[in-house]
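Protein chains in written order, with my numbering: chain A, 1 to 329; chain B, 1001 to 1135. Note that CB positions come from ideal geometry on N, CA and C, so glycine has one too. These figures come from a predicted structure and were not determined experimentally.
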Amino acid sequence: MPGAQERVLRRRIGSVQNTKKITRAMELIAATRVVKAQQRAAEARPYAEHITQVIEDLSATGADADHPLLRPVEQVSKVGVVVLGADRGLAGAYNSNVIKAAEREIMAARNDGLAYDLVTIGRKAKAYFQFRNYPITASFEGFSEKPTFEAAADIAARVIDLFTAEGGCDRILLVYTRFISMGSQEVVVRRFLPLESVERIAEAGDAKAVAGFEFEPSPGSVLESLLPRYVESRLFAALLDAAASELANRQRAMKAATDNAQELILKLTRKMNQVRQDAITTEIMEIIGGAEALAGDRDEPGELLLSHLDADPFPARTGDHHATGPDRI
Amino acid sequence: MSLLVELVSPERVAFSGEADMVICRTTTGDIAFLPGHIPFIGVLATHPVRVIRPDGEVVIAVHQGFVEVSPPDEDGRTRVTILSDVAELAEAIDVERARAARSSAEERLRTDPADPEAISALRRAEVRLSVTDAA
């Protein structure tokens, strides 16, 4: 029968093994989802490129409407911070990195005596700021791993609202994690609104726009309905980047957790074996000690251990030997 | 000479192929594009877009968006790009779901005739259904 300490160790090994199974499964799931998320980001690119292309074409005709989204900032009195976090944890430092960056922006705004609006995306970001009593203007959650365009459109509509409303934000920052590669992601703070002027957007694209386009209804109104779409597509791109980063981080964190669990199992198994061996050694010592003590009492060394060999080797044949046990000695 | 048609939604390129003619509705009225059309950018209304191909017609449900006709490329092909938030091919539409969406939107409109969400949901469902009817 295993000793108490051994039993405790055995139970711990079992529990670590179960944890390892879970982290291993999460690692594999995250690994496949990262690939999918990267694919989605690649599939979303043509739309963003075409929108930029249309803006280039518009710019070539000289249309630079006096659109509220293009309103340049003269005096900033209120900033908006949009933070893109995850819905679930277990992704290493992913959430805390992006949240810390957002908090820094808020602190900077406070120090400058500016008012701020905070928009959180993802359950973790919301929980963090709510717990610390930051006023949250709007929050979205439930899609951080697999953002849909509708979600991006909803958020964009809300953010544009904050920007264009009377007494709204004069500048909106987007804090998210940029996906560079599987091995590296970085938290970035980008100016989201107001947009750069139409020319600046056009310059950023591969400028091969040709003038001579016909517009229906008119360049101004095309631009007017185009700019919100452009904002949506930029936000969607950021969401997809954040999702890929989250999954890459989770995969790394879960891989580390699985490795640690494996190491822990190894250590605990060694400890358990040692404890078991100790227990066995102690038991043997006790038996030998006891036997010697008894033998010393009888003054006939060896008698106790060997006497039964002289007895009838098959006492069971006579029937119920348990009941007749004592007569063997 | 032919048209090169691309239907681009934010999540992916939903359709891409050659065609003889594209008919769509902008906010100011219907317009058809033939190969060699001059460069054009228009705002689309919520309405089916018809892509006429040599082997038949492809109908696409478009819920607002843009149509861009680029100048002919080196091969003399005119590129028509349809950019839309929601763009679906007729065969990708779930008729049952669209019907259910239509009736639930109608239900909501009965209690609150000014519900903007219900109005746009109803319009989307109707375009989806009209697209499946046309295909």
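- Annotation: D278 (chain A) to N133 (chain A) spans about 55 Å, alpha carbon to alpha carbon.
- In the structure shown, A1019 (chain B) adopts extended strand secondary structure according to DSSP, grouped into three states.
- For L1083 (chain B), a Cβ of chain A is located within less than 9 Å of the residue's own Cβ.
- Annotation: the continuous alpha helix (DSSP H) that includes V8 (chain A) extends over 4-60.
- In this structure the region 1001-1008 of chain B touches the region 1062-1082 of chain B; the number of beta carbon pairs closer than 8 Å is three or more.
- Contact between T1046 (chain B) and P217 (chain A) does not hold, since their C-beta atoms are separated by about 16 Å, which reaches or exceeds 8 Å.
- At a cut-off of 9 Å, the C-beta of E1018 (chain B) has no neighbouring C-beta in chain A.
- N95 (chain A) counts as buried, since at least 16 other C-beta atoms from the protein chains shown sit within 10 angstroms of its C-beta.
- DSSP places L174 (chain A) in the strand class (E or B) of the three-state scheme.
- Of the other Cβ atoms in all chains shown, 16 or more fall within 10 Å of the Cβ of L1083 (chain B); this residue is therefore buried.
- DSSP, reduced to helix, strand and coil, places K78 (chain A) within a strand of the structure shown.
- The count of Cβ pairs closer than 8 Å, one atom from the region 256-263 of chain A and one from the region 99-106 of chain A, stays below three, leaving the stretches out of contact.
- By the neighbour-count criterion, in which 16 or more other beta carbons inside 10 Å mark a residue as buried, S144 (chain A) falls on the buried side.
- By the neighbour-count criterion, in which 16 or more other beta carbons inside 10 Å mark a residue as buried, A293 (chain A) falls on the exposed side.
- Within chain A, no residue has its beta carbon less than 8 Å from that of R1123 (chain B); the closest one is some 16 Å off.
- Under the 9 Å criterion on CB atoms, Y116 (chain A) is classed as non-interfacial with respect to chain B.
- Distances from the alpha-carbon of H1037 (chain B) to those of B:P1072, B:L1044, B:R1012 put B:P1072 closest.
- Here M107 (chain A) is exposed: its Cβ has fewer than 16 other Cβ atoms, across all protein chains shown, within 10 Å.
- In the structure shown, the three-state DSSP call for P228 (chain A) is helix.
- Fully contained in the region 1058-1116 of chain B are the following alpha helix (DSSP H) runs of length 4 or more, in chain order: 1095-1111.
- In the structure shown, V73 (chain A) adopts coil according to DSSP, grouped into three states.
- Nearest CB-CB separation between F1040 (chain B) and chain A: below the 9 Å threshold.
- In terms of beta-carbon proximity, S225 (chain A) lines the interface with chain B, with at least one pair separated by less than 9 Å.
- Residue environment: N273 (chain A) is assigned as exposed (fewer than 16 neighbouring CB atoms within 10 Å of its CB, all protein chains considered).
- Around H67 (chain A), the same chain offers L223, E224, L227 as residues with beta carbons nearer than 8 Å, after the five sequence neighbours per side are excluded.
- Annotation for Y116 (chain A): no alpha helix (DSSP H) segment contains it, though the beta strand (DSSP E) segment containing it runs 115-121.
- Contact annotation: V1022 (chain B) and A1032 (chain B) have beta-carbon atoms nearer than 9 Å.
- Any Cβ of chain A closer than 9 Å to the Cβ of G1036 (chain B) would place that residue at the interface, and such an atom is absent.
- If only complete runs of 4 or more residues are kept, the region 83-151 of chain A shows the alpha helix (DSSP H) at 94-111, 123-131, in order along the chain.
- Between the alpha carbons of L174 (chain A) and A237 (chain A) lies a gap of roughly 12 Å.
- For K267 (chain A), the number of other beta carbons within 10 angstroms of its own is below 16, and it is reported as exposed.
- The residue among A:V76, A:A127, A:V16 with its C-alpha nearest the C-alpha of L84 (chain A) is A:A127.
- By the neighbour-count criterion, in which a residue is buried when 16 or more other Cβ atoms sit within 10 angstroms of its Cβ, Q130 (chain A) is exposed.
- Only buried fits T120 (chain A), as 16 or more other CB atoms lie within 10 angstroms of its CB.
- For A256 (chain A), not one C-beta of chain B is nearer than 9 Å to its own C-beta.
- The straight-line gap separating the alpha-carbon atoms of S221 (chain A) and E1106 (chain B) is approximately 31 Å.
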